[in-house]
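A.B. asks:
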DNA sequence: CTGTTAGCGCGTTCAA
DNA sequence: TTGAACGCGCTAACAG
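Protein chains in written order, with our numbering: chain A, 210 to 554; chain B, 210 to 554.
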């Protein structure tokens, strides 16, 4: 156990504690010979500075509080990885709080009262720990205004936003537009879309991208091609059945997540419709399993790592009082696999 | 920004800072009237104690350093969730370090020198931050002796172990034995196993469980039923082809992870062998996608949450100098789905 | 320019 | 119930 303090170093090197501190931080010039001697003693005693004491005086901890709504939800680890990536490069540490919302309240996000207490006490603990800033990692994009009060500490949101704070979002509209372009380029005209729940922002934005593509490429617009799903596999299954039963079924389906694609494939399979020969499918999320399905699913990859990284970058600037230049919105990337082909004539 | 300190409270309540501290911590009796007054002022000024100052004096931070080899690897988030679960219940906070090994060095774990520097500096930073203990979360069970030196601070390993420290492991042998029992009970006798890499501890332990079952249930033992895979899908595919080409092919396959099951299904499909009608399969890991494959895969769930929870519990005892009674080894649980049926006569 | 002294940051806790 | 020392490192002020 190292109870060695700066005093011990000072004593053994025959200098004052101030000098040791200056050597350690390069805050001031120290004669090379003295510096050598101090460094040698530090090495010899394997001294490790006490960051707690340092933080108390500096009124800065170089620590960021991360509030994750649920670390076990698929998007969170990759965002945290991005946060760590930036943190490593700038000597910022991460105090992680996991609200565990999925296990505690499931998907009942409307009932804010159920989890406000968790969020509030998380913030309170982080403030007591004197974090220099906070990143909130939601599981699902929505308005979080009023959920927490950081009492002036800088905060940045991902997968969520408020009226007043900075939030990092990726470009949903562009993503679905790009997926549509790809399908069109492959020769598709009759393209259906299976959305997520319509109270969801990404659902609406992606629908915008869909409309935009339909308009720009002058695709046949049929309201029956627009299906409201609920993010779950069963809705993919059910809605695909409906689509396939249409007098003029679509030749391609854009599904707003990969989970619903599982249902799409089941329905196609049951109906004897081959994917991609008779029906093309694109998913969203690039979940690991999308590569394990048959056929391997073409899907939009969400820039999670970049979102975490950018959130930290923006927060870091905020902490230093720098203005944040408007940054590029992270964009999705199409992962081409085997679920899209040219339509049969 | 709250710059209110205990002094402000003391002044406004006409007491000494000591009294405020006693009220806050209940460390000593305070006359009810005084206590009321202090509490009122605290409320009024929305005072939040500074844990940094507190930690400096108490020489204890109530913070645990978690070193994760990679948070984006599938088992890690659930382990962290277990850590948080225990932490929440005992007012312990988590300082998270992510070594990001998967991105930095891939699977090249043999080359310790490549990541020793990351691990060492992670420990060093955590010690400087004065964490009360450390949990190391590996991505893959192996001997980590000599990787890091915590200088006397208590440490507990999961997915990894050393010669001298405590490590939380789940019961691998029991898991494969139980999977085998289940297959036998369904009527299978000719059961093959596809292992992971054989330099892996879990591979060997699970093979032990397999042997034990073969012996106890007096199954026909055929060395050709034992296939060495490498955890990857392709090996599942290739080895299943070999198994199906045998003069007496197995009626069931136990695969040491779910990823290889993907390959098993592909091979079976190509050979026109129906799962589970003609071939039963059990996987390992209960990966989310195992429920999305066709058929839905029966698999062994690994008690990740419990491992994290138990690691914290053990560490907490260590921190308090308590002896750790031997605890129950976390056990896997069979998730029954649709990939196992009775064998055809 | 180099080195030292001493007070500070904020709660905790002992002696009185 | 209180005054004051203390935990450890930083840094302003000062001396040589």
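Virtual Cβ for every residue (Gly too), placed ideally from N, Cα, C.
Report the start-end ranges of each beta strand (DSSP E) in the stretch 353–431 of chain B that is 3 residues or longer and not cut off at the edges.
C.D. replies: Correct list: 364–367, 375–377, 400–404.
A.B. asks: My output table needs one value for residue 538 of chain B: the three-state DSSP class, helix, strand or coil.
C.D. replies: As a first step, residue 538 of chain B is located in the second chain; it is residue number 329 there, counting from the start. The answer is coil: DSSP assigns residue 538 of chain B none of H, G, I, E or B.
A.B. asks: Taking the alpha helix (DSSP H) that residue 510 of chain B belongs to, which residues open and close that run?
C.D. replies: Residue numbering aside, residue 510 of chain B sits at position 301 when the second chain is read from its first letter. Premise fails: residue 510 of chain B lies in the beta strand (DSSP E), 507–510, not in any alpha helix (DSSP H).
A.B. asks: Just to make sure I have the definition right: I need the residues of chain B whose C-beta is within less than 7 Å of the C-beta of residue 444 of chain A. Which are they?
C.D. replies: Taking the first chain and counting its residues from 1, the one referred to as residue 444 of chain A is at position 235. In chain order: nothing, as chain B lies at least about 14 Å away.
A.B. asks: Starting from residue 302 of chain A and walking both ways along the beta strand (DSSP E), at which residues does that stretch end?
C.D. replies: Residue 302 of chain A sits at position 93 when you count from the first residue of the first chain. Unbroken beta strand (DSSP E) run through residue 302 of chain A: 302–307.
A.B. asks: Mapping the DSSP letters down to three states, classify residue 220 of chain A as helix, strand or coil.
C.D. replies: As a first step, residue 220 of chain A is located in the first chain; it is residue number 11 there, counting from the start. The answer is helix: DSSP assigns residue 220 of chain A an H, G or I state.
A.B. asks: Just checking: is the beta-carbon of residue 307 of chain A within a distance shorter than 7 Å of some beta-carbon in chain B?
C.D. replies: Here the question's residue 307 of chain A lines up with position 98 in the first chain. True, the Cβ-Cβ gap to chain B drops below 7 Å.
A.B. asks: Between residue 466 of chain B and the rest of its own chain, which residues show a CB-CB distance below 6 Å, the 5 nearest in sequence each way excluded?
C.D. replies: In the second chain, the residue the question calls residue 466 of chain B occupies position 257. Excluding residues within five positions, the ones whose Cβ falls inside 6 Å are 440, 493, 494.
A.B. asks: So if I threshold CB-CB distances at 8 Å, which residues from the stretch 286–311 of chain B count as touching chain A?
C.D. replies: Listed by position, the residues of the stretch 286–311 of chain B near chain A (Cβ gap below 8 Å) are 286, 287, 289, 290, 293, 294, 297, 302, 303, 304, 305, 306, 307, 309.
A.B. asks: What span of residues does the beta strand (DSSP E) with residue 516 of chain A cover, start to end?
C.D. replies: Translated into positions along the first chain, residue 516 of chain A becomes position 307. Residue 516 of chain A -> not in any beta strand (DSSP E); alpha helix (DSSP H) instead, spanning 513–528.
A.B. asks: Check whether the Cβ atoms of residue 473 of chain B and residue 462 of chain B lie closer than 7 Å to each other.
C.D. replies: In the second chain, counting from the first residue as 1, residue 473 of chain B sits at position 264. In the second chain, counting from the first residue as 1, residue 462 of chain B sits at position 253. In contact: residue 473 of chain B and residue 462 of chain B (Cβ atoms closer than 7 Å).
A.B. asks: Residue 261 of chain B versus chain A: which residues are under 8 Å apart at the beta carbon?
C.D. replies: As a working note, residue 261 of chain B is residue 52 in the second chain. Ordered by position in chain A, the residues that pass the 8 Å Cβ test against residue 261 of chain B are 261, 264, 265, 270, 338, 339.
A.B. asks: With DSSP as the reference, please indicate the residues paired to residue 343 of chain A in a beta bridge.
C.D. replies: By 1-based counting over the first chain, the position of residue 343 of chain A is 134. Residue 343 of chain A is bridged to A:274, A:364.
A.B. asks: Determine the direct distance from the alpha carbon of residue 497 of chain B to that of residue 312 of chain A, and round the result to whole angstroms.
C.D. replies: Position 103 of the first chain, counted from the start, is the residue given in the question as residue 312 of chain A. Position 288 of the second chain, counted from the start, is the residue given in the question as residue 497 of chain B. Rounded to whole angstroms, residue 312 of chain A to residue 497 of chain B spans 16 Å at the Cα level.
A.B. asks: Pull the bridge partners of residue 310 of chain B from the DSSP assignment, please.
C.D. replies: Translated into positions along the second chain, residue 310 of chain B becomes position 101. For residue 310 of chain B, which the question treats as bridged, DSSP gives no partner whatsoever.
A.B. asks: Which residues does DSSP pair with residue 437 of chain A in a beta bridge?
C.D. replies: Numbered from 1 along the first chain, position 228 holds the residue referred to as residue 437 of chain A. Answer is A:404, bridged to residue 437 of chain A.
A.B. asks: For a contact meaning CB atoms closer than 7 Å, what does residue 504 of chain A contact in chain B?
C.D. replies: As a first step, residue 504 of chain A is located in the first chain; it is residue number 295 there, counting from the start. Near residue 504 of chain A there are no residues of chain B at all, since even the closest Cβ is about 11 Å away, more than 7 Å.
A.B. asks: Suppose you measure from the CA of residue 549 of chain A to the CA of residue 421 of chain A; what does that come to, to the nearest Å?
C.D. replies: Position 340 of the first chain, counted from the start, is the residue given in the question as residue 549 of chain A. Position 212 of the first chain, counted from the start, is the residue given in the question as residue 421 of chain A. C-alpha separation (whole angstroms): 21 Å.
A.B. asks: Buried or exposed: residue 429 of chain B, going by 16 or more other Cβ atoms within 10 Å of its Cβ?
C.D. replies: In the second chain, residue 429 of chain B corresponds to position 220, counting from 1. Answer is exposed; the Cβ neighbour count stays below 16.
A.B. asks: Is the Cβ of residue 471 of chain A closer than 7 Å to any Cβ of chain B?
C.D. replies: Translated into the one-based positions of the first chain, residue 471 of chain A becomes position 262. Yes, its Cβ sits closer than 7 Å to a Cβ of chain B.
A.B. asks: Between residue 552 of chain B and the rest of its own chain, which residues show a CB-CB distance below 6 Å, the 5 nearest in sequence each way excluded?
C.D. replies: In the second chain, counting from the first residue as 1, residue 552 of chain B sits at position 343. Within the same chain, residue 552 of chain B has close Cβ partners 396, 397, 460.
A.B. asks: Does DSSP classify residue 169 of chain B as helix, strand or coil?
C.D. replies: The requested residue 169 of chain B does not occur in the structure, where chain B is confined to residues 210 to 554.
A.B. asks: Distance, Cα to Cα, residue 232 of chain B vs residue 238 of chain B?
C.D. replies: Position 23 of the second chain, counted from the first residue, corresponds to residue 232 of chain B. Position 29 of the second chain, counted from the first residue, corresponds to residue 238 of chain B. Cα to Cα, the separation comes out at about 8 Å.
A.B. asks: Within a Cβ cutoff of 7 Å, which residues of the same chain sit near residue 544 of chain B, ignoring the five residues on either side of it in sequence?
C.D. replies: Here residue 544 of chain B corresponds to residue number 335 of the second chain, with the count starting at 1. Counting only Cβ-Cβ distances below 7 Å, and skipping sequence neighbours, we find 495, 507, 508, 510.
A.B. asks: Starting from residue 213 of chain A, follow the beta strand (DSSP E) in both directions and report where the run begins and ends.
C.D. replies: Numbered from 1 along the first chain, position 4 holds the residue referred to as residue 213 of chain A. No beta strand (DSSP E) holds residue 213 of chain A; DSSP gives it neither H nor E.
A.B. asks: Taking only beta-carbon positions, decide if residue 498 of chain B is within less than 7 Å of chain A.
C.D. replies: Your numbering for residue 498 of chain B matches position 289 in the second chain. So, interface residue.
A.B. asks: Along the stretch 531–550 of chain A, where does the CB come closer than 7 Å to a CB of chain B? Name the residues.
C.D. replies: Residues: none.
A.B. asks: I want to know whether the stretch 300–316 of chain A touches the stretch 269–287 of chain A - three or more CB-CB distances under 8 Å.
C.D. replies: The stretch 300–316 of chain A, when compared against the stretch 269–287 of chain A, does touch it at the 8 Å Cβ threshold.
A.B. asks: Measure the C-alpha to C-alpha separation of residue 575 of chain B and residue 288 of chain A and round it to an integer number of angstroms.
C.D. replies: Because chain B here runs from 210 to 554, residue 575 of chain B falls outside it and cannot be looked at.
A.B. asks: Have a look at B:328, B:246, B:377, B:542 and flag the residue whose alpha-carbon is nearest the alpha-carbon of residue 536 of chain B.
C.D. replies: Taking the second chain and counting its residues from 1, the one referred to as residue 536 of chain B is at position 327. For the residues B:328, B:246, B:377, B:542, the minimum Cα distance to residue 536 of chain B belongs to B:377.
A.B. asks: Contact between the stretch 523–539 of chain A and the stretch 523–531 of chain B is defined here as three or more beta-carbon pairs at a separation below 8 Å; is this criterion met?
C.D. replies: The stretch 523–539 of chain A, when compared against the stretch 523–531 of chain B, does not touch it at the 8 Å Cβ threshold.
A.B. asks: By Cβ distance, which residues of its chain are closer than 6 Å to residue 426 of chain A, with the 5 residues on each side in sequence left out?
C.D. replies: As a position in the first chain, residue 426 of chain A is number 217, starting the count at 1. Contacts found: 393.
A.B. asks: Give the DSSP-derived three-state secondary structure of residue 463 of chain B in the structure shown.
C.D. replies: Reading the second chain from its first residue, position 254 is the one you call residue 463 of chain B. Looking at residue 463 of chain B - three-state DSSP - the assignment turns out to be strand.
A.B. asks: Using a beta-carbon distance below 7 Å, is residue 501 of chain A in contact with chain B?
C.D. replies: Numbered from its first residue, the first chain carries residue 501 of chain A at position 292. Cβ-Cβ to chain B under 7 Å: yes for residue 501 of chain A.
A.B. asks: Please list, in chain order, the residues of the stretch 325–336 of chain B that have any C-beta partner in chain A closer than 8 Å.
C.D. replies: Per Cβ criterion, the list reads 333, 334, 336.
A.B. asks: Among A:295, A:483, A:291, A:502, which has the Cα closest to the Cα of residue 526 of chain A?
C.D. replies: Here residue 526 of chain A refers to the residue found at position 317 of the first chain. Ranking the options by Cα distance to residue 526 of chain A, first place goes to A:295.
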